[in-house]
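Protein chains in written order, with this note's numbering: chain A, 2 to 304; chain B, 33 to 331; chain C, 526 to 1044. Ideal Cβ positions, reconstructed from N, Cα and C, are used throughout, including at glycine. The structure under discussion appears below in the form of C-alpha cells.
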Amino acid sequence: MALARRTRRKETGLAALMLAPSLVVLGLFVLYPLGKAIWLGHQRCNSQGKACKSNGWDQYTDVLRSPEFHHALIVTAKFALLTVPLGLVLGVGLAVLADRYLKGIGIFRTIFSSTVATSIAVASLMWLFLLQPSTGALARVGWITRLFPVIKTGLLNDKGTALTAVAMSSVWANLGFTFIVVTAGLQSIPRDLYESAFVDGAGGWRRFTNVTIPMLGPTLLFASVVLVSRAFQAYGEVDLLTDGGPQPQGSTTTLTYLIYGNESTIRNNDGLQATTAVLLFVVLLVLSAVQFRSFDKRVHYAS
Amino acid sequence: MPRKREPGAEPKRRFSKREQGTIASIDSAGRGWRKVGRYTLLLIVTFVVLFPVYATVLAALKPGNQVLQHPFVPEHFTTDVLRTAWSQGNLGRYLLNSFVVAVIVTVAQVVTAVMSAYAFAFLRFPLKALIFAVFLATLLVPFEVTLVVNRRTVDSLGWLNSFQGLAVPFLATAFGTFLIRQTFLQLPKDLREAARMDGLGHWGFLREVAVPLVRPTMGALALFAFLSSWNQYLWPRLITTEENMNTVQSGLKLLATADVDKPNLVMAGTLIAAVPVFAVLMIFQRQLVRGLTAGAVKG
Amino acid sequence: MRSRTMKRLAIAGTLAVLTACGDGGPILQAGNDPAPTTPTTPTLPQVTVPPVTAAPGETLPPTTPAPTIPAPTTTTTPLSDLPACPVDALAAASGPVELTFWHGMKGGLEDSLVKLTDEYNASQAKVRVVLQNQGGYEQAIDKYVQSSESSRPDIIQTPEYAVQQMRDTKSFVPIGACMQAAQMDTSDFLGRALTAYSTEGVQWSMPFNVSNPVLYYNRRVFEVAGLDPNTSPLSLEDLRSVSQTLVASGAAGTGIGLDTGFDGGGGWYIEQWFSKLGELYTDNGNGRLAPATKVFIDNPKAVELMTFLQQMINDGLAFNIGDDPSGQGVFLKMADSTSPSAMTIGTSAALGTVISVLDGGLIPGLTGADIGVGPMPGPGGAPGVLVGGASLWIVDGHGDEKTAASWDYINYLVSAQSQSTWAASTGYVPVRAGALELDPLKTTYATDPRFKVAYDQVNAPSDALTSAGPITGPLKQIRVVVARAVATILQGGDPQATLTQAATDANALIADYTARNSD
C-alpha cells in the first residue's frame, strides 16, 4: 500500500513535469488571454487600449443584437456555406478519382495535393492577379470578358459576386488539404468491405454510397470541422482580395474582418473588439458541438 | 453491367500496396475506354487546379510591359523579375525567418505534445480528467480572440521583432497532445507492463518503446505544425515593426501593397514564397497522409 | 452526408441569428446606457471654455461664411505644459545616435525616402536613421497605439487624419517646441501645411509629404473630342459639360471615373469639396477651436453636391469605380479597352508613379506623356484644397539626445534642398517655398507643369477655418462611414436620407471616441 502510494506520488510529480511546458504555453497564450478578452468584453478603453472602464455586461448582448454583428455573421455563414460543402465534395471527388491504380497516378496525386503548399497569402495573391478588374489577367482576355461581362467590372468589385469569388479562392487554397485528408481516409477503409459488397452484387455507385461514404464519416467530420473553423476565421483572403468590400454592402465583411479589418469602425476600440471576438468564439463553440453531435450519430450508425 | 468476376481472380499485386489505390470500384479499373475517360477527367481537373499556378509562373517570368499583353501565352521570358523580387522584396531574409520560426515551432510542438500525451496516456495523477478537459477546451479557442492580449503580453516581455515572439505562443497545442495521446492509447496495454518487468522507468519506456512506435504520427504532427506556422498571416504582421523580422507571409503583404503597380513583381514574389513549402510537401507527403489519417480517424 | 453538413450548418447559423434577433442598436452603442441622445445635441462635458465671440463655429448655420482663424484659439495648450525639445543635446552625444523611423511610404515613394535618408546618414556622423516600413499609415498608427512606450519608434510618420488621435496619446514632443527652441524661421513654409498639423495653438508635427487631389485626364482623348488638352474643367458645371462633349464625341466611354474609397472619393475628397464650398465639416471650427462634437456632412450643400454626382453617374457621364482599395482602379479605368474614362481624380502623390508605370508599358496604348493634370474640380470652381499626406512626429521619452537627433533629421527632410528632391521624384508638394528655387524641382516645375498643379492649388492663400480641414479623433472611421454613404448614393440611394444617416453614425463615433478618451 505504501509502495503504491509512493509510486502514485512519483507519477504525479512526473506528470506535472511532463505537462508543465504545454500548460505554461497554453495557459499564458490561450487561457489567460481568453479570460482577459472575456473581461475586456464588458469594458471600453481609450484608443491605446488603456484606461478601461466597465460599460456593463450588456455590451455582449447588445453587440450580439447589433446590425453590424448580424451582417458579419450572415456574411461569414454564407462564406462557410460556399466553401465547406463545395470543398468537401471536391475533396472527395478528387480523392476518389485519384484512388485508382493507373499509370502516373502519383503525379496526379501530387498535383491535387499541391495547393496545400500555398498559404492564404500566396493563394490570394494568385487569385487577385487573375480576378482584378483591370490589371487582372482574366479581364485582359477578350473572349472571356465577352462571355462573362462581370469579369470586366471585376468579380471582386461586384456586390453579387465578391463573396463567391473570395470563396472560390479559398476553396482552391484548401483543396489540397481536403484531398490529402480524404485520400488518407479512403486508404484506411478495409478492402474486404468492398469485396463483400462486390460479391453482394453492389455496383460502383452503390459501393460508393454504402461503403465509401459511411466509412469516411470520421474523416469528413475532421475535414469539415477544420474547414468550418477556417471559414469562420477567414481573414487573409478578405484582407488581400476585397478589404471587406464592395461597399456600402460590405459584401465580404466577415466576423474577423469586422473586428480587425482595415475599414473596421471598431478599430482601436479594444473593448468592443474583445466583445465581438468572444462572440465569434461562442459561435464556433456552438457550431463544433452541432457538428460533433450530428456526425456522431452517423459514425456510430456506420460502424 | 459489369461482368461478374471472382474477387480472388483479381491479380494480387493490384491491391497489394495501399498507395496503388483502394477498390472503390473493383470491376472498373483498367478497362480501355474507361481508362481513357478517367485520364481525360484527371487532366481536366489538373488543368483547373494548376491554372492559377500556371498564370503565376508566366507572370513571374515576363517583363513589366508584357505581363498584361497576353497573360496566358508563354512568351517573352526573363528571369530578371524573379531576381528583382528576391532582392527588392528581401525574400531571402523573410524565408529564413519563416523557416527558423517554423522549425522551432515544429520541434517544440512535437516534444511538448509527446510529453503531455504521455502523461495523459500512461500516468495516474489527480484532476487528470479536468486537466484533459482544459486541454481540449483550448482546442476550440480561435486565435482571433487571444490576439490583442497576446500582442500586449509579447510586447511586455520585450519580444516584439523576435523569434521568441513569433514562435513561443505556438510551442504547444492541444491538437498535438490529443493526436499523440490517441496513438499512445492504441498501443497494446501490456507493453508498459512488460517494459516495467524489464526495469524500464517511464522515461526509458517513453524513449525506447513509446516514441519509436508513434513515430509516424509524430511525423505527421511535425508537418502539420510546420505548415500552420509557415502560414501564419495576422500574427507576424502584428508583432513585427522591424522589416527584417517579417516572415514570408507578412513580407508578401508588404511587397503586394508596395508594388501594386508591378503585377509581375508581386507574382514573382508569390512564386518564390510558394516553392519552399512545395518542396517540403514533396518530401514529407506520405507522413502527412499517414498522420492526417490518424487525426481523421480518431480526431 | 454533405447535405446534412449543410443543413446542420444552416440550422446552426439561423439559430445563432435567431438568438441574436431583436432590433439591436448599432455596435458602437453596445452596452451604453440608453440616453436621449439625438444626433444634433452634442454632449461634451469637458469643453468648459466659452467660445470666443469671433468664432462661434458651432452655432453658425453652415451656409454663413466661415470664420477666420483667431489667434489664439479657444482651447490653447501652452508649450510649457508639454515635453520640451532640447535641440542642442546632440552636441553632448558621445557616439552616433541611432533613430528608428516608422514610415508608411510604398513603392517609388519609399525608394525616394530611402535615398534621402541614405544621403543624410552619409552626410554626418552624429545621427544614424534606420527606416522601418510599417506597410502603410494604418499599420503604423495601429502598432504605435498598441505598443508599450519602450517598443515605440523615435519618429513616426502619420497621415493628416490621425492628428487628434496621435495628440491624444500624449506621447510626443511637439514640433512647435523644437521650432521655438531652435528659433526657426517658418516664414518660408507653406502656411496651410503647418496649420493642418496644429491645434490648441500647438504645432504638433512637421508636415513632410504634402499631397492633395488633382484631376488626371487623358490629353489624347481630349484632343479627339475637340477639347483643348491644356485646360481641364474647374467647376462642376464645366466638369459636366466637358464630360458630355467627351461622351457625345465618342472619344471616351465616360467622362470621369470616381472611386468611393475612404481615402479617396468617398472620404478625403468630400472634405476637400467642403473646403471649396467654404463649409465647415465639423462644428467648433472644424474641431480647431474646441474638440468637434458633430459633423455637418448632411448640410444642404453636401446634399446638392452628392445629387450632382449621382446625376453624373445616372447620365453615364461619370463611372463609379467602387472602393478601389489599391487606388489603381481609377487610373486603369482610363486605360480600359472598351469604355475608358477620360478623367479621374487622384492624389498628386501618385503622379510620379503613374508616369513611370505608363512609360514602363504596363498598360498597352497609354504613355506617361498622354496624362494631363489639372486642379481638382469642385463646386464654385474656386481653387484651393486641403493639405493631405502625412507629417512627422517626435516620440517623447527616449532621452534628450534622441529628441535632438530626431529634430536634426526632420530639419534635414524639410530643408529646401531635400524638399526639392523629394517633390520632384514623387509628386508631393514641397512644404517650403525655397524648394522651388532649387534643382531638381526648379527644372521639373519649369519643364513639366503637371507637377506644379498640386502646389499651386494648395498654395492659394486662405486663412479661413474651412481651409484648414477637420480635426477629430475618429476622423478615419468617419471617412469610412461617409465613404459608405457616398457609395450608397452613387449606387442610387437618396442623398439626403443617406447623408443624414451618415451624420448620425459619424456623430456616434465622435461621442464614443470622446467618452473613451476624455480623462
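By the Cβ neighbour-count rule, C:Trp798 is buried, with 16 or more other Cβ atoms within 10 Å of its own. Restricted to the region 856-908 of chain C, the beta strand (DSSP E) segments that are unbroken, complete and at least 3 residues in length are 866-872, 896-900, listed in chain order.
For C:Asn845, the secondary structure class from DSSP, reduced to helix, strand or coil, is strand. Under the 10 Å beta carbon count, B:Asp187 is surrounded by 16 or more other beta carbons and is classified as buried.
Between B:Phe109 and B:Leu128, the C-beta gap is not smaller than 7 Å, which leaves the two residues out of contact. Against chain B, a Cβ distance below 7 Å from C:Val688 picks out nothing, because the smallest value is about 22 Å.
Taking CB atoms only, C:Gly922 has no neighbour in chain A less than 7 Å away.
Contact check for A:Thr253 against A:Ala163 passes: the beta carbons are separated by less than 7 Å. Taking 7 Å as the CB threshold, A:Gln60 lines the interface with chain C. Secondary structure of C:Arg677 (DSSP, three-state): coil. For the region 662-673 of chain C, the set of residues with a beta-carbon nearer than 8 Å to any beta-carbon of chain B comprises Gln664, Lys668, Gln671, Ser672, Ser673, in chain order.
Interface with chain C (7 Å Cβ-Cβ cutoff): B:Asn97 is included. Considering only beta carbons, the part of the region 254-274 of chain B lying closer than 8 Å to chain C consists of Arg269, Leu270, Thr273, Glu274, in chain order. Rounded to whole angstroms, A:Leu126 and C:Arg813 show a C-alpha spacing of 42 Å. In the DSSP annotation of this structure, the continuous segment of the alpha helix (DSSP H) that includes A:Phe130 starts and ends at 121-132. The C-beta of C:Gly886 comes closer than 7 Å to at least one C-beta of chain B. For the region 183-200 of chain B, the set of residues with a beta-carbon nearer than 7 Å to any beta-carbon of chain C comprises Arg183, Asp187, Ser188, Leu192, in chain order. Think of a sphere of 9 Å around the beta carbon of C:Gln853: the chain B residues whose beta carbon falls inside it are Val292, Asp293, in chain order. Measuring C-alpha to C-alpha distances from A:Ile39 to each of A:Arg294, A:Trp58, A:Leu83 identifies A:Trp58 as the nearest. Selection B:Ile136, B:Pro244, B:Thr273 evaluated against C:Asp667 yields B:Thr273 as nearest (Cα-Cα). Contact annotation for A:Ile267 against chain C: Ile552, Leu553 [CB-CB distance below 8 Å, chain order]. According to the DSSP assignment, B:Pro84 belongs to the alpha helix (DSSP H) that extends over 64-92.
Distance between C:Thr602 and C:Ser696, taken at the CA atoms: about 15 Å. Secondary structure note for C:Tyr742: its beta strand (DSSP E) is the uninterrupted segment 738-743. Contact with chain B is absent for A:Ser252, since none of that chain's Cβ atoms lies less than 7 Å from the residue's Cβ. Annotation: Cβ neighbours of B:Gln281 in chain A (cutoff 7 Å, chain order): Ser120, Ala122. Between the region 205-217 of chain B and the region 143-154 of chain B there are three or more C-beta pairs closer than 8 Å, enough to call the two in contact.
From the beta-carbon of A:Ala16, the residues of chain B found nearer than 7 Å are Ala151, Leu155, Phe157.
At a cut-off of 4 residues, the continuous stretches assigned as alpha helix (DSSP H) that sit fully inside the region 271-295 of chain B are 280-290.
With its beta carbon at least 7 Å from every one in chain C, B:Leu123 lies outside the interface. Listed by position along chain A, the residues whose Cβ is nearer than 8 Å to that of C:Asn839 form an empty set, because the closest Cβ is around 17 Å away. At least 7 Å separates the CB of B:Leu245 from every CB of chain C.
For C:Ser696, the nearest beta carbon of chain B is not closer than 7 Å to its own beta carbon.
Nearest Cα to C:Gly905 within the set C:Ile700, C:Ser851, C:Gly803, C:Ala777: C:Gly803.
Taking 7 Å as the threshold, the shortest C-beta distance from B:Val133 to chain A does not fall below it. Here C:Tyr742 is buried: its Cβ has 16 or more other Cβ atoms, across all protein chains shown, within 10 Å.
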